[in-house]
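Chemist:
6 protein chains.
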Amino acid sequence: MFFHEPELQYEVTVENPDPHFAKLLQQAIGGQEGEMRVALQYMFQAWALPEEYEAFRNLLMETATEELGHIEMLASAVTKNLRGSPRQMDEDVEETAATAAAMTGQNPRQFLSAGQSAMPVDSNGVPFTGGYVAASGNLAGDLYANVMAEATGRTLATRLYEYTDDPGMKDMLSYLIARDTMHQNQWLEAIEALDDPVPVPASFPQEEENQEFNYTFMSTRREQQPDPGAPWTQGDSPDSKGEFSYLPEQPGDGEVVAPEPDPNTYNDPNESNDPTQGQ
Amino acid sequence: MFFHEPELQYEVTVENPDPHFAKLLQQAIGGQEGEMRVALQYMFQAWALPEEYEAFRNLLMETATEELGHIEMLASAVTKNLRGSPRQMDEDVEETAATAAAMTGQNPRQFLSAGQSAMPVDSNGVPFTGGYVAASGNLAGDLYANVMAEATGRTLATRLYEYTDDPGMKDMLSYLIARDTMHQNQWLEAIEALDDPVPVPASFPQEEENQEFNYTFMSTRREQQPDPGAPWTQGDSPDSKGEFSYLPEQPGDGEVVAPEPDPNTYNDPNESNDPTQGQ
Amino acid sequence: MFFHEPELQYEVTVENPDPHFAKLLQQAIGGQEGEMRVALQYMFQAWALPEEYEAFRNLLMETATEELGHIEMLASAVTKNLRGSPRQMDEDVEETAATAAAMTGQNPRQFLSAGQSAMPVDSNGVPFTGGYVAASGNLAGDLYANVMAEATGRTLATRLYEYTDDPGMKDMLSYLIARDTMHQNQWLEAIEALDDPVPVPASFPQEEENQEFNYTFMSTRREQQPDPGAPWTQGDSPDSKGEFSYLPEQPGDGEVVAPEPDPNTYNDPNESNDPTQGQ
Amino acid sequence: MFFHEPELQYEVTVENPDPHFAKLLQQAIGGQEGEMRVALQYMFQAWALPEEYEAFRNLLMETATEELGHIEMLASAVTKNLRGSPRQMDEDVEETAATAAAMTGQNPRQFLSAGQSAMPVDSNGVPFTGGYVAASGNLAGDLYANVMAEATGRTLATRLYEYTDDPGMKDMLSYLIARDTMHQNQWLEAIEALDDPVPVPASFPQEEENQEFNYTFMSTRREQQPDPGAPWTQGDSPDSKGEFSYLPEQPGDGEVVAPEPDPNTYNDPNESNDPTQGQ
Amino acid sequence: MFFHEPELQYEVTVENPDPHFAKLLQQAIGGQEGEMRVALQYMFQAWALPEEYEAFRNLLMETATEELGHIEMLASAVTKNLRGSPRQMDEDVEETAATAAAMTGQNPRQFLSAGQSAMPVDSNGVPFTGGYVAASGNLAGDLYANVMAEATGRTLATRLYEYTDDPGMKDMLSYLIARDTMHQNQWLEAIEALDDPVPVPASFPQEEENQEFNYTFMSTRREQQPDPGAPWTQGDSPDSKGEFSYLPEQPGDGEVVAPEPDPNTYNDPNESNDPTQGQ
Amino acid sequence: MFFHEPELQYEVTVENPDPHFAKLLQQAIGGQEGEMRVALQYMFQAWALPEEYEAFRNLLMETATEELGHIEMLASAVTKNLRGSPRQMDEDVEETAATAAAMTGQNPRQFLSAGQSAMPVDSNGVPFTGGYVAASGNLAGDLYANVMAEATGRTLATRLYEYTDDPGMKDMLSYLIARDTMHQNQWLEAIEALDDPVPVPASFPQEEENQEFNYTFMSTRREQQPDPGAPWTQGDSPDSKGEFSYLPEQPGDGEVVAPEPDPNTYNDPNESNDPTQGQ
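Chains as they are written, first to last, in the numbering used here: chain A, 130 to 408; chain B, 130 to 408; chain C, 130 to 408; chain D, 130 to 408; chain E, 130 to 408; chain F, 130 to 408.
Here it is in structure tokens:
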């Protein structure tokens, strides 16, 4: 059950509204690396956990709730950058064409569809999709997904930080970057709190996997190459359950020849003989 | 530059063709956790790396190339499960309705669109999308994305393993699970080969992030809670750059009040007074 | 800023877990008529409103927050229907094929991708998309969008109600249907609180629209028809700003002939003469 | 059954071709608020209606057919804005880079994919999706969806009207805005022609919905608030079937704790104890 | 400008309503090979053609208009298969669970979202997308796209024909298959009416393409293979502008090494030395 | 089974890096007409072919493999255009806003999401989708799909060729255009190697299709028109199996009246009488 207060989690100010930056900020709202993704991802992961994972469930739900507040902060930032700007829609008649030109370089839907507001889309105007959300039911896999989400999210935020000089925007991003630092660390810490989770899913009986190829680096180079002596071709594996080795060649066995389809598929193009044989 | 041989990377046989299993296998081809995702993800990551990352670039491209062969194996498995089955499309006239019923529970497009063949879609028939691919340009973030991809991929493969008794299918999946074990380990090893990569991106000057909230667990509970004493609320952080602390309350500052939009947006619903005040 | 308590908004129980119903419930989570849509829609609408709309902004945000709790209830309902069911994945070896068959008729990704959990997708497994969210910046248009969202949402809930006998599920749906009744009514009431909002956007100077066709029903029948005497072809219009009339024929003026494209488009298929003239 | 004449429904002229405006116009063709949406929406709604709804079916189909003609007008407008413009692709060698730069701010696919033509996409180049279409089978819900579609459609058209000075484009948009005025009014009138349609679906026996929460505004504020005395917290409801009341607190009952999943999901991350307890 | 008559283009009857077949029919409405695709594709192609292509423009628009009528026929067929069926939603209380199970194997959204009606989606419930539409501006390319669309469309219709015994459905499909025969032939005939259209776009000055590799079959086999003597490795090319030859090896030149990115991308994972060299 | 060498198929150089051109090039990677589409299309087609089609299967797989190398070339071209450019992200503080403005006209995700790298998206940033891939199981239909894919692909490449003066880019595109010439020709040649493949699917017994409408051009004009005497209204059809004729009128038969839905759909908007009759 959720609650809301009409207060931002952290102050959002914009000194020099910039509609271009408003377009870029959309990536942090509805993009692959954005806050809608993490908010939903952490929720769905939490809702899958049974009783004994209470500490993890709380960790996930509390963080999901925080991320909802980040969407709100970013939506506020977008609106403030779009409205009140000297570069906003110009009412001067002879500049209508120039205004239209400017708007196509910005996100036109922020104007046309949303009346100078934030939207659940990314910086190219592509709508957010549930396909970004990773929630596998397996806590270890989910925590790695969360490390990755915060890593790409923090990378996005640092890049946005470089594209603005606005003190308010820099301050907001400095806060969001800090939260991503915390979240990366908390997910890594949570992985450490698990007992021997790799290879995920660790509960699968590993003796049922093929024992010949499970710790072998398999080269796919056209010409066979000698073992490069990389950390992933020799030495102990990070899961401490095997030793890396090097195989210069894929095993290879059997062609891809499809069985005959049912005649009712009408796959047959009528009749065709081997065109490489004299006909 | 790629090359191909008309030989499978590993043998694929099906003793008892099962069109239902053919539907499930699609998840491993075109699904969020599937092989199309990893093949493309590793390629695009590799193509972003400059000169000094040659060892990582080779690691990524060789693995991407291997994954292309996994798509091929799974496509072969799908076709073999769809064709030659006693449950395939029945030509017997009086059973047409039953056949149609059976097919709707399967993936109808494997029949209607593809003539009993594999497709670039997932187990619900949703097309593969480039939105699944994570390639951030930052190698550390990408490697975490790869650990996650192999973790969810291996989890998927183990679940598929439980849904078949076919010895050929079990053998193929046992091979794919083994490869996922290797790949999880190699990406973890590659992360270890990086020097101090967390928090990603480590090249961002961390002193520019907000120093008050970067190692603090921030509770979003409605009622303030005491510090749970979890590993993520106290002690050293995994990146060794901070110490966890606990904050029972979000900072909070300022309302979300959007600035006035340009009148040309016609956002104004005409006129509205505060409906909670006597009008 | 959001808060959360680890308590459901309303009790969710399942007496007879039914994985089929778990598939149907997904429509109410991530579908076009689902709770993710309304939660996000109300938020983005609220965030676009300037100062003088405080009462509406609060109305929208409070309702958005409630809808987040509905997603949580439904996710709980899905998990409870998927797990602990006699029809769940069967470990009995000789029934593996039957289990696979059963699962393809259900949502296979609830098992394969989510380990028997809820997902941000609809009842066909199609991911939620931000394209479902309507937030135009114009409050009147948005309120009509909300009436429509609650109308289709309530219709969905009543249909789900018919597909279950489970007392717990019926009780939960009875609650959700009641909330949709309230929400439909509150949005209609909010429209009434606006002053003369139709035609949306009412702030556009209506004298600039074409005055000949703005209250005329224009027949597109092939054969001209007499005025049917419908309420929309005669009498006063609901916005009280015009009178309906009937036009048996579209105005019609000018052909669709595209100008010559730039030669650099290479649109020219080489050369083509009019094939209906002797060549 | 449809017919066509090679004549536009209303004249479309462009005096000063503007490729930027051609990008903006795409929103009215293939966007969420565009003509493809309404044309298809009205058709699918009509096709769902049984015999006794003949007057509504005709209303829907005639309007759908009109909207097809609007797509045609807009496609013509796009082509005329893209071709013959002084800003079109420049053949002068030294300006190729500048032309490429100009085109990226426009919709590059109008050039690259369509040879300076209209496309079934929105103003960001996102393809039209059937997910925009609302057709619930319930006429009342559908009519509200249509009011909303025409409200957002008219809002879009008025915004486009502000972005052009071209007399031809202004005239075309003045016509489209007028038609949206008519269509908003006709759908509202059609709702009035229904007998007591709210809450949609009105045919559901309302006594089966929860009677405690169906006319109650439920506050989700963190801190309990007094009744704001808004029209939606007191007084009669618009459907005349209840009286609004105010509840300062969500009911709340039971935690989200997922049941144990089947072991074959391999959800178990191996073993994890409560990390908040000394281990 | 379009017109409509409330009459089907060809009679649609269903003797034995079958909700499963209703799911399959959706592929012919909103699927990749369906009628929405061709109707829109032919329209957008026609709207791109300048004056001298009047005969082709009429051909395209008349066929597009016919396809609109096919959508209508198929929507009628879907509704008739969903409603009035003995397998439709059963009101008998104790069979609710069985009905829910049946519906998940069908398309649940035809019930839940559309009240037993047709939808703009495919046979897996995936919404129609504008991404299926091919309209390049180049008439020759478009006509090949149309041959392809009718070829895959006719293949789909023949497969549907095999899945039903219903005399009405067989008759409708026999009609649609016949129309696809005509349309395939008319597009091929239209290609023949063009003067030397291959290679598309023929208006590009072919001397500007690389002259070494434009008629050469380039083998990508790992091991060099002798010329297979296939029609595409020797003899005249179909465009009569070259002679096929065989090259056993890709040219190959230069590595994929990305230039150094801007430091502000924070691509640097901090510091990494070559892990294959002793560190 | 695939192999890779760290060498490009053909040299890729960029003299004057241009981030705008990098955006346009994305269309050739992840767009509807791009290389990801053809690479995957040819693979899935090949994997569907049974034993006797070995020559075609090899043709398809060898070409698919070549196309993978084209994606690699284009990804390299994108990176080289994005990095090292004078127009790249500017570190000069006072120009941050201008840099942000420039980037919004470019593809912001190439910077924000990918750190100046190529992505699996099109020139508008829309992700690649498996919905672009056509693989019907019927070889003849597939080969026509391939002609069309290479026709639109070559058209795209010629348009890109016009937007750059860079000698390296022109050379790369000249190579890709040449390969498209070859591929168009090889697919046309492969169609010729089939025996009588039209109408696709030729294996369907043509006597089962409606014999009245299978070679008739059916006019959909509102007013009946005389036979235009076009090649597609008279004379032999290209498949040599019929003779074209002309029908000035669609057959027409029966209205679209949906059967009564199940009451449990709650389709009934409550009660509605015919609003055109006095009530």
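Beta carbons are placed, not taken as given, at the ideal position from N, Cα and C, and that holds for glycine.
Distance check for A229(F) and D368(C), CA to CA, integer angstroms please.
Modeler: Residue 368(C) sits at position 239 when you count from the first residue of the third sequence. Residue 229(F) sits at position 100 when you count from the first residue of the sixth sequence. Going by the C-alpha atoms only, they are around 45 Å apart.
Chemist: Against chain E, which members of the region 239-250 of chain D pass a CB distance test of less than 7 Å?
Modeler: Hits within the stretch, in order: S242, A243, G244, Q245, S246, A247, M248, P249 and V250.
Chemist: Is it true that the region 164-174 of chain D meets the region 133-143 of chain D, where meeting means three or more beta-carbon pairs spaced less than 8 Å apart?
Modeler: They do not touch, by the three-pair rule.
Chemist: On the DSSP bridge assignment, give the partners of M347(E) in chain order.
Modeler: What you label residue 347(E) is simply residue 218 of the fifth sequence in a count that begins at 1. Answer is L376(E).
Chemist: So, under 8 Å CB-CB, E144(A) and G297(A) are touching, yes? Tell me the CB distance rounded to an integer number of Å.
Modeler: The residue given as residue 144(A) occupies position 15 in the first sequence. The residue given as residue 297(A) occupies position 168 in the first sequence. Yes, E144(A) and G297(A) are in contact; Cβ-Cβ is about 6 Å, under 8 Å.
Chemist: Which residue wins for smallest C-alpha separation from Y395(C), given the options G160(D), K209(D), Q245(D) and P146(D)?
Modeler: Position 266 of the third sequence, counting from 1, holds the residue named residue 395(C). Of the listed residues, the one whose Cα sits closest to Y395(C) is Q245(D).
Chemist: For Q340(E), count the other beta carbons within 10 Å of its own beta carbon; 16 or more makes it buried, fewer makes it exposed. Which is it?
Modeler: Here residue 340(E) refers to the residue found at position 211 of the fifth sequence. So Q340(E) counts as exposed.
Chemist: Report back the beta-carbon spacing between V327(C) and T284(D) to the nearest angstrom; my notes put them in contact at under 8 Å.
Modeler: If you number the third sequence from 1, residue 327(C) lands on position 198. If you number the fourth sequence from 1, residue 284(D) lands on position 155. About 12 Å separates the two Cβ atoms, so there is no contact after all.
Chemist: Tell me which same chain residues have a C-beta within less than 8 Å of the C-beta of D295(C), skipping the five on either side of it?
Modeler: Looking up residue 295(C) in the third sequence gives position 166. V143, E144, N145, D147 and F150.
Chemist: What does the alpha-carbon distance come out to for the pair G234(E) and T233(B)?
Modeler: As a position in the fifth sequence, residue 234(E) is number 105, starting the count at 1. As a position in the second sequence, residue 233(B) is number 104, starting the count at 1. Cα to Cα, G234(E) sits roughly 6 Å from T233(B).
Chemist: Counting only the same chain and skipping the five closest in sequence on each side, list residues whose C-beta sits under 8 Å from that of E338(E).
Modeler: Locating residue 338(E) in the fifth sequence gives position 209, counting from the first residue. There are no such residues.
Chemist: Beta-carbon within less than 7 Å of D309(E)'s beta-carbon, same chain only, minus the 5 sequence neighbours each way: which residues are those?
Modeler: Within the fifth sequence, the letter at position 180 stands for residue 309(E). Excluding sequence neighbours, D309(E) sits near E279, G282, R283 and A286.
Chemist: What do you get for Q406(C), buried or exposed, if any count of 16 or more other CB atoms within 10 angstroms of its CB means buried?
Modeler: Residue 406(C) sits at position 277 when you count from the first residue of the third sequence. Classification of Q406(C): exposed, given that the 10 Å Cβ count is below 16.
Chemist: How many Å lie between T194(A) and G198(C) at the Cα?
Modeler: For this step, residue 194(A) is matched to residue 65 along the first sequence. For this step, residue 198(C) is matched to residue 69 along the third sequence. Taking the straight line from one Cα to the other gives about 12 Å.
Chemist: Does DSSP classify T258(E) as helix, strand or coil?
Modeler: In the fifth sequence, residue 258(E) corresponds to position 129, counting from 1. Looking at T258(E) - three-state DSSP - the assignment turns out to be strand.
Chemist: Taking the continuous beta strand (DSSP E) assigned at F132(A), which residues delimit it?
Modeler: Your numbering for residue 132(A) matches position 3 in the first sequence. That run of the beta strand (DSSP E) goes F131 to H133.
Chemist: Starting from the beta carbon of F132(C), find every residue of chain A whose beta carbon is closer than 8 Å, and list them in chain order.
Modeler: Indexing the third sequence from 1 puts residue 132(C) at position 3. Those within 8 Å of F132(C) in chain A are F131, F132, H133, E134 and T194.
Chemist: How would you list, in chain order, the residues of chain E whose beta-carbon sits under 7 Å from the beta-carbon of F150(C)?
Modeler: Residue mapping note: residue 150(C) aligns to position 21 of the third sequence, counting from 1. Here the neighbours are A229.
Chemist: Taking only three categories from DSSP, how would you classify E271(B)?
Modeler: In the second sequence, counting from the first residue as 1, residue 271(B) sits at position 142. The question names Glu, but residue 271(B) in the sequence shown is Asp. Here D271(B) sits in helix by DSSP.
Chemist: Between the region 349-374 of chain E and chain B, which residues of the former have CB atoms less than 9 Å from a CB of the latter, in chain order?
Modeler: Of all residues in the region 349-374 of chain E, T349, R350, R351 and E352 have a Cβ within less than 9 Å of some Cβ in chain B.
Chemist: Mapping DSSP to helix, strand and coil, what is G282(F)?
Modeler: Your numbering for residue 282(F) matches position 153 in the sixth sequence. Looking at G282(F) - three-state DSSP - the assignment turns out to be helix.
Chemist: Could you name the residues of chain C that V385(D) contacts, counting a contact when the two beta carbons are closer than 9 Å?
Modeler: Within the fourth sequence, numbered from 1, the residue matching residue 385(D) stands at position 256. Near V385(D) (Cβ distances below 9 Å), the residues of chain C are P135, E136, L137, V141, E201, M202, A204, S205 and T208.
Chemist: Listing by chain order, which chain C residues have their CB less than 7 Å from the CB of E291(F)?
Modeler: Position 162 of the sixth sequence holds residue 291(F). Within 7 Å Cβ-Cβ: N393.
Chemist: Residues of the region 262-280 of chain B in Cβ contact with chain F at a cutoff of 8 Å, in chain order, please.
Modeler: Residues passing the 8 Å Cβ filter: V262, A264, S265, G266 and N267.
Chemist: On the three-state DSSP scale, how would you describe P355(A)?
Modeler: Against the first sequence, residue 355(A) aligns to sequence position 226. Coil.
Chemist: Between the alpha carbons of N393(B) and L241(A), how many angstroms are there, rounded?
Modeler: In the second sequence, residue 393(B) corresponds to position 264, counting from 1. In the first sequence, residue 241(A) corresponds to position 112, counting from 1. The alpha-carbon atoms of N393(B) and L241(A) are separated by roughly 10 Å.
Chemist: What number of angstroms, rounded off, separates the C-alpha of L302(C) from the C-alpha of E352(B)?
Modeler: Mapped onto the third sequence, residue 302(C) falls at position 173. Mapped onto the second sequence, residue 352(B) falls at position 223. Approximately 29 Å between the Cα atoms of the pair.
Chemist: Would you kindly check if the distance between the Cβ of Q161(D) and the Cβ of Y261(D) is under 8 Å?
Modeler: Here residue 261(D) is taken as the residue at index 132 of the fourth sequence, counted from 1. Here residue 161(D) is taken as the residue at index 32 of the fourth sequence, counted from 1. It is a contact, given that the beta carbons lie within the stated cut-off.
Chemist: With a cut-off of 8 Å, does the C-beta of P328(D) fall near any C-beta of chain E?
Modeler: What you label residue 328(D) is simply residue 199 of the fourth sequence in a count that begins at 1. So no, P328(D) is outside the interface.
Chemist: Residues of chain F with CB under 8 Å from Q156(A), in chain order?
Modeler: The residue you call residue 156(A) lines up with position 27 of the first sequence. Within 8 Å Cβ-Cβ: P237, R238, L241 and S242.
Chemist: Let me know the secondary structure DSSP gives D365(F) once reduced to three states.
Modeler: Within the sixth sequence, the letter at position 236 stands for residue 365(F). Looking at D365(F) - three-state DSSP - the assignment turns out to be strand.
Chemist: At 7 Å on the CB atoms, spell out the chain A contacts of T310(F), in chain order.
Modeler: Position 181 of the sixth sequence holds residue 310(F). Result: empty, since nearest Cβ-Cβ is about 20 Å, beyond 7 Å.
Chemist: If we count the other Cβ atoms within 10 Å of its Cβ and call it buried at 16 or more, is E181(C) buried or exposed?
Modeler: Residue mapping note: residue 181(C) aligns to position 52 of the third sequence, counting from 1. Burial call: exposed.
Chemist: Do W361(B) and E183(A) have their CB atoms nearer than 8 Å?
Modeler: Residue numbering aside, residue 361(B) sits at position 232 when the second sequence is read from its first letter. Residue numbering aside, residue 183(A) sits at position 54 when the first sequence is read from its first letter. The answer is no: Cβ separation not under 8 Å.
Chemist: I want to verify the contact list: residues of chain C whose CB lies under 7 Å from the CB of L178(E), in sequence order.
Modeler: For the purposes of this step, residue 178(E) is identified with residue 49 of the fifth sequence, where counting begins at 1. Within chain C, the residues near L178(E) are A387.
Chemist: On the criterion of 16 or more Cβ atoms from any shown chain inside 10 Å, does A227(B) qualify as buried, or is it exposed?
Modeler: The residue labelled residue 227(B) in the question sits at position 98 within the second sequence. Exposed is the call here.
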